[in-house]
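In our numbering, the protein residues as written are 3 to 84.
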């Protein structure tokens, strides 16, 4: 995968989960999200991608999976306690 950002492929300990309200566009292609173009959270890096850019699947070691934020994936950064 030439040209792929290494920070998207290497698991980091405690990778932050991007909240929906801070991710109006796909991390890769920058297409805006709406009711037909939905968000997909990567379990490896925690970033948000559109369906086209998240069409590839891979096995991720359990120790590298980014868990959803407190309150669930739709939780707003403004409403989380932290």
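Ideal Cβ placement from N, Cα and C applies to all residues, glycine included. As the structure is a prediction and not an experimental result, all values here were calculated from the model.
For residue j and residue i, believed in contact at Cβ under 8 angstroms, the rounded distance
i, j, result
"residue 44", "residue 56", "7 angstroms"
Residue j beta carbon less than 8 angstroms from that of residue i
i, j, result
"residue 29", "residue 51", "yes"
"residue 53", "residue 42", "yes"
Counted within 10 angstroms of its Cβ, other Cβ atoms place residue i as buried (16 or more) or exposed
i, result
"residue 34", "exposed"
"residue 1", "Nothing about residue 1 can be reported from this structure: the residues present for the chain run from 3 to 84 only."
"residue 49", "buried"
For residue i, the three-state DSSP class (helix, strand or coil)
i, result
"residue 77", "Reliability of the predicted coordinates at residue 77 is poor, the pLDDT of 47 falling under 50, and no value is obtained from them."
Minimum Cβ-Cβ distance from residue i to chain D less than 8 angstroms
i, result
"residue 35", "Going by chain labels, chain D is absent from the structure shown, which holds only one protein chain."
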